[in-house]
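Comments concern the structure below.
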Amino acid sequence: MSDKRRRDWAVPPGRGHVDGIDLGLLDRADSDGRALLVKAEHSELGRALAQGRGEVVVDGEPMRPGLHLAMHEVVANQLWDDDPPEVWRTAQRLTVAGYERHDVLHMVISAAAEQLRQALQTGRPFDLDRYRADLDALPGSWEGLSADRRDPGGGMRFGPDDEASYHAARDDLLDRFDAWRADRELGDDGGEDRSTADLLLGFKWGYLDGDLARWTSADLHEILAELFPRKVMLDDDGAGLVVPSTRRFLEFLADIGVMASDSDPVAQLRRTLSRLEPRFPELMSDPSRFGMAKGIGAQLADAGIDLTDPAAVEGWMAQFNALPEAERRARLPLPGDVPRVLPPADLPDEGLLAAHSSDAPAMVQLRMFLEWLGDGKALTQKGNLKLADGKALVELLATGDVVDEVVGDQTFRTRSSTDLVGVERVFRLALASRLVRRHRGRVLATRTRTQRLARDPLGAWADVVEALLDLGVLRAGADVRGWWWDEVLEEGVPALLELLYGLAERIPAADLAEGATASLDAQFDLDQLPEWLAEALPRYLADDVDRILERLAWVGVVQRSGTTAEELYGRRRERGGDAALTPAGRWLVRRRLLGQGFTEAAEVDLDAAPAAVVRSLAA
0 MSDKRRRDWA
10 VPPGRGHVDG
20 IDLGLLDRAD
30 SDGRALLVKA
40 EHSELGRALA
50 QGRGEVVVDG
60 EPMRPGLHLA
70 MHEVVANQLW
80 DDDPPEVWRT
90 AQRLTVAGYE
100 RHDVLHMVIS
110 AAAEQLRQAL
120 QTGRPFDLDR
130 YRADLDALPG
140 SWEGLSADRR
150 DPGGGMRFGP
160 DDEASYHAAR
170 DDLLDRFDAW
180 RADRELGDDG
190 GEDRSTADLL
200 LGFKWGYLDG
210 DLARWTSADL
220 HEILAELFPR
230 KVMLDDDGAG
240 LVVPSTRRFL
250 EFLADIGVMA
260 SDSDPVAQLR
270 RTLSRLEPRF
280 PELMSDPSRF
290 GMAKGIGAQL
300 ADAGIDLTDP
310 AAVEGWMAQF
320 NALPEAERRA
330 RLPLPGDVPR
340 VLPPADLPDE
350 GLLAAHSSDA
360 PAMVQLRMFL
370 EWLGDGKALT
380 QKGNLKLADG
390 KALVELLATG
400 DVVDEVVGDQ
410 TFRTRSSTDL
420 VGVERVFRLA
430 LASRLVRRHR
440 GRVLATRTRT
450 QRLARDPLGA
460 WADVVEALLD
470 LGVLRAGADV
480 RGWWWDEVLE
490 EGVPALLELL
500 YGLAERIPAA
510 DLAEGATASL
520 DAQFDLDQLP
530 EWLAEALPRY
540 LADDVDRILE
550 RLAWVGVVQR
560 SGTTAEELYG
570 RRRERGGDAA
580 LTPAGRWLVR
590 RRLLGQGFTE
600 AAEVDLDAAP
610 AAVVRSLAA
């Protein structure tokens, strides 16, 4: 009887229908059945997920629907299995204290979520003892969650004008690093460790975001693969000590509690360093990566010049500057001198490309939006489209948004145009591509930009695509937070486009999803994920890859085939299949690569070429 009471409280029997599913027929003993019942209890969150919304506002507070539903599933499964039993005992205690069921669930979720965050952040296993202690601390700890909580790394971010404060914080960290090393008797490399930490902090302050407590894999790549090779002179032995010293410094920051909560997990940072370590000495000795100062320093060292002798240095510089420019470049290659060549491209003429790109669904919707806009429309106080205008645009633009959606027995009123995600995406893209602008409470067409749609349609289309990439393909500029891996996927979109360009063939979406999983596995310690998330992660990533391809097809960069249609919460989505660049997409990616320093392959004059060269080209 007690099992039934506990399970009925955790996952009440379903009633009614959702998307044609009779909730009363679902098997609650099956985890998938429980997941559907949890989602049915939160139909508004399920609707937000189906619409691709990474965040919703509930009772004035932002909420990530995917994460919230996942945490509800975790607690529901714990209660169903009575493992750990403290969860049910806590739920009973809080219910007797007068709290409503859903508030009790949220309290338990707050304790579970904190331990999950700690596990992902530090790479350590889920701390069950700490979880039990956090459950015991309820409801007091939950009642205080709305109060401001200081980040462990708070107060460690410095701007370029905060030189004195930066130096004080740097010196304090370095002194504490020395003491930390001494406590652990880490050997005789203290001077090297401190020197490396000093450089890391200096680069973080002077070249990156200035936050000494927040560290990401991207930061490590920028510092160790770009800034160190460009600016720091080290012999081979010294170069071999940098990555181990960096690893110890990051472990020190995490160990003393200074590492900011929005840093990448320590396990991910370790993996990044492990990938960089074998290549680091080669990067440090590659002349093409040297900055001017380091390049000159290397030439001086090769010439046997004592860098502490000003007269000798000035004499060498005078001789060097007297050389012809070609010889100086040959002796001192500068970054970017190494050519990167693109093979010839077989593309349609730009007139045909312009016609194809203009037919992209996003471009059609933008032109219709501009025509509807006319002399301008009034906006809300927050700068959004008015709700009545948003509703009118749903039909005009055929965005597929559902107004006042009915799910089961509930009607979800559309209260803002921002709830109409398709309309909102067109509006944000029009703003980002400068086709329209906000001015004194109205949205107005930008004449020069709109004229370019007719005068230079291919260039205007390219501007729209670049605007979407800047906004973020997954979020399209919406002020939301999605899953913790969304940023990794977003940063990988340019690489995805280059991959499609380089292979010049269709790639299955399933392969791209597997690649996304492998990329995450290379950066994060996925072994530390809870079982439910480890099992669900490939499905979540496949959904995100589908969404990325859907948006890229919407703007005309990608073409998809072999997809299957799926309808969820009244919204149709294409899943799976394979993808390739459109001709306009190939033109765009090639243009982006040329802008990054690649060069066009030179034309070969076959009449003038020696016969052997012609034969080799033909082969």
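Mapped onto numbering that gives the first Met the number 0, the consecutive letters of the sequence shown carry residue numbers 0 to 618.
Don't be surprised by glycine CBs; every beta carbon is placed ideally from N, CA and C.
**OP:** Specify, as a first and last residue, the run of the alpha helix (DSSP H) that Gln527 falls within.
**Re:** Position 528 of the sequence shown holds residue 527. In this chain, Gln527 is not harboured by any alpha helix (DSSP H), its DSSP state being neither H nor E.
Original post:
Of all the options Phe248, Leu528, Ile547, which has the alpha carbon lying nearest to the alpha carbon of Met70?
Top reply: Looking up residue 70 in the sequence shown gives position 71. Of Phe248, Leu528, Ile547, the residue nearest in Cα terms is Leu528.
Original post:
What is the rounded straight-line gap between the Cα of Gln623 and the Cα of Leu249?
Top reply: The structure shown has nothing for residue 623, since the chain only spans 0 to 618.
Original post:
Alpha carbon to alpha carbon, what distance is there between Pro11 and Trp87?
Top reply: Here the question's residue 87 lines up with position 88 in the sequence shown. Here the question's residue 11 lines up with position 12 in the sequence shown. Going by the C-alpha atoms only, they are around 15 Å apart.
Original post:
Between the stretch 506-517 and the stretch 573-581, do at least 3 Cβ pairs fall closer than 8 Å?
Top reply: yes
Subject >> Uninterrupted alpha helix (DSSP H) stretches inside the stretch 20-50 (no shorter than 4 residues) >> reply: 30-40, 42-49
Original post:
Do Ala196 and Leu282 have their C-beta atoms within less than 8 Å of each other?
Top reply: Working through the sequence shown from its first residue, we reach residue 196 at position 197. Working through the sequence shown from its first residue, we reach residue 282 at position 283. Cβ atoms of Ala196 and Leu282: not closer than 8 Å.
**OP:** Using beta-carbon positions only, say whether Val37 and Leu68 come within less than 8 Å of one another.
**Re:** The sequence position of residue 37 within the sequence shown is 38, counting from 1. The sequence position of residue 68 within the sequence shown is 69, counting from 1. Yes.
Original post:
Does the separation of the CB atoms of Trp659 and Arg100 fall below 8 Å?
Top reply: The requested residue 659 is not part of the displayed model; the chain covers only 0 to 618.
Original post:
Can you give the beta carbon distance from Val422 to Ser416, rounded, assuming they're within the 8 Å contact cut?
Top reply: Along the sequence shown, one-based indexing puts residue 422 at 423. Along the sequence shown, one-based indexing puts residue 416 at 417. Sure, about 6 Å apart at Cβ, within 8 Å.
Original post:
Between which two residues does the beta strand (DSSP E) carrying Thr449 extend?
Top reply: Counting from 1 along the sequence shown, the entry for residue 449 is found at position 450. Segment 446-454 is the alpha helix (DSSP H) holding Thr449; no beta strand (DSSP E) there.
Subject >> Rounded separation between Arg446 and Leu495 - CA only >> reply: To locate residue 446, count along the sequence shown from 1; it is residue 447. To locate residue 495, count along the sequence shown from 1; it is residue 496. Arg446 and Leu495: Cα-Cα distance of roughly 34 Å.
Original post:
Contact check, Leu378 vs Gly440 under 8 Å by CB: the rounded distance?
Top reply: Taking the first residue of the sequence shown as position 1, residue 378 is located at position 379. Taking the first residue of the sequence shown as position 1, residue 440 is located at position 441. Going by Cβ atoms, the distance from Leu378 to Gly440 rounds to 6 Å, so yes, they are a contact pair.
**OP:** Helix, strand or coil for Gln380, going by three-state DSSP, please let me know.
**Re:** On the sequence shown, residue 380 is found 381 positions in, with the first residue counted as 1. In the structure shown, the three-state DSSP call for Gln380 is coil.
Original post:
Skipping 5 residues on each side, what residues in its chain have a beta carbon closer than 8 Å to that of Ser145?
Top reply: Stepping through the sequence shown from its first residue, residue 145 is reached at position 146. Here Ser145 scores only 36 on pLDDT, less than 50, and its place in the model should not be relied on; the value that follows carries that caveat. Hits under 8 Å: none found.
Original post:
Alpha carbon to alpha carbon, what distance is there between Arg14 and Leu25?
Top reply: Working through the sequence shown from its first residue, we reach residue 25 at position 26. Working through the sequence shown from its first residue, we reach residue 14 at position 15. Whole-angstrom Cα-Cα distance: 10 Å.
Subject >> Alpha-carbon to alpha-carbon, Leu93 and Leu656 >> reply: Outside the shown range of the chain, which is 0 to 618, sits residue 656, and nothing can be said about it.
Original post:
In this structure, what does DSSP give as the bridge partners for Val435?
Top reply: For the purposes of this step, residue 435 is identified with residue 436 of the sequence shown, where counting begins at 1. DSSP lists Ala444 as partners of Val435.
Original post:
If you draw a straight line from the alpha carbon of Asp81 to that of Asp29, how long is it in whole angstroms?
Top reply: Sequence index remark: in the sequence shown, residue 81 carries index 82 (1-based). Sequence index remark: in the sequence shown, residue 29 carries index 30 (1-based). If you take the alpha carbons of Asp81 and Asp29, they lie about 15 Å apart.
Original post:
With distances taken from CA atoms, which of Val393, Gln558, Val435, Pro228 is nearest Gly373?
Top reply: Counted from its first residue, the sequence shown places residue 373 at position 374. The candidate whose alpha carbon is nearest that of Gly373 is Val435.
Original post:
When burial is assigned at 16 or more other CB atoms within 10 Å of the CB, is Leu199 buried or exposed?
Top reply: The count along the sequence shown starts at 1 and reaches residue 199 at position 200. Per the 10 Å Cβ criterion, buried.
Original post:
Given that a residue counts as buried once 16 or more other Cβ atoms are within 10 Å of its Cβ, and exposed if not, what is Ala34?
Top reply: Against the sequence shown, residue 34 aligns to sequence position 35. Buried: at least 16 other Cβ atoms inside 10 Å.
Subject >> Distance between Trp179 and Glu549 (C-alpha atoms, nearest Å) >> reply: What you label residue 549 is simply residue 550 of the sequence shown in a count that begins at 1. What you label residue 179 is simply residue 180 of the sequence shown in a count that begins at 1. Spanning the two alpha carbons is a distance of roughly 50 Å.
Original post:
What is the residue span of the alpha helix (DSSP H) that Thr410 lies within?
Top reply: Your numbering for residue 410 matches position 411 in the sequence shown. Element bounds for Thr410: not the alpha helix (DSSP H) but the beta strand (DSSP E), 409-411.
Subject >> Three-state secondary structure assigned by DSSP to Asp210 >> reply: Within the sequence shown, residue 210 is the residue found at index 211, counting from 1. Here DSSP, grouped into helix, strand and coil, assigns Asp210 to strand.
Original post:
Taking all protein chains shown into account, do 16 or more other C-beta atoms lie within 10 angstroms of the C-beta of Gly555, making it buried, or fewer, making it exposed?
Top reply: As a working mapping, residue 555 is identified with position 556 in the sequence shown. Under this definition Gly555 is a buried residue.
Original post:
How about the stretch 453-468 and the stretch 398-414: do they share at least three Cβ pairs that are nearer than 8 Å?
Top reply: no
**OP:** Buried or exposed for Gly23, please, with buried defined as at least 16 other CB atoms from any protein chain shown within 10 angstroms of its CB.
**Re:** One-based indexing of the sequence shown puts residue 23 at position 24. Exposed, because fewer than 16 other Cβ atoms sit within 10 Å of the Cβ of Gly23.
**OP:** Round the Cβ separation of Pro582 and His438 to the nearest angstrom and send it over; I've been treating them as touching at under 8 Å.
**Re:** Sequence index remark: in the sequence shown, residue 582 carries index 583 (1-based). Sequence index remark: in the sequence shown, residue 438 carries index 439 (1-based). Not a contact, Cβ separation roughly 37 Å.
Original post:
Helix, strand or coil: which one does DSSP assign to Thr563?
Top reply: Here residue 563 refers to the residue found at position 564 when the sequence shown is read from its first residue. It is a strand residue.
**OP:** Give the range of the alpha helix (DSSP H) segment to which Asp177 is assigned.
**Re:** For the purposes of this step, residue 177 is taken as residue 178 along the sequence shown, with counting starting at 1. From DSSP, the alpha helix (DSSP H) with Asp177 extends over 162-183.
Subject >> Selection from Glu497, Gln318, Leu172, Val420 that minimises the alpha carbon distance to Leu592 >> reply: Locating residue 592 in the sequence shown gives position 593, counting from the first residue. The residue with the shortest Cα to Cα distance from Leu592 is Glu497.
Original post:
Rounded to a whole number of angstroms, what is the C-alpha to C-alpha distance between Ala541 and Ala512?
Top reply: The count along the sequence shown starts at 1 and reaches residue 541 at position 542. The count along the sequence shown starts at 1 and reaches residue 512 at position 513. When rounded, the distance between both Cα atoms is 5 Å.
Subject >> For Ala552 and Asp263, the rounded distance between their alpha carbons >> reply: To locate residue 263, count along the sequence shown from 1; it is residue 264. To locate residue 552, count along the sequence shown from 1; it is residue 553. Ala552 has its alpha-carbon roughly 31 Å from the corresponding atom of Asp263.
**OP:** Could you spell out where the beta strand (DSSP E) holding Asp577 opens and where it closes?
**Re:** In the sequence shown, counting from the first residue as 1, residue 577 sits at position 578. Segment 577-580, the beta strand (DSSP E) holding Asp577.
**OP:** Determine the direct distance from the alpha carbon of Arg433 to that of Trp586, and round the result to whole angstroms.
**Re:** In the sequence shown, counting from the first residue as 1, residue 586 sits at position 587. In the sequence shown, counting from the first residue as 1, residue 433 sits at position 434. Going by the C-alpha atoms only, they are around 22 Å apart.
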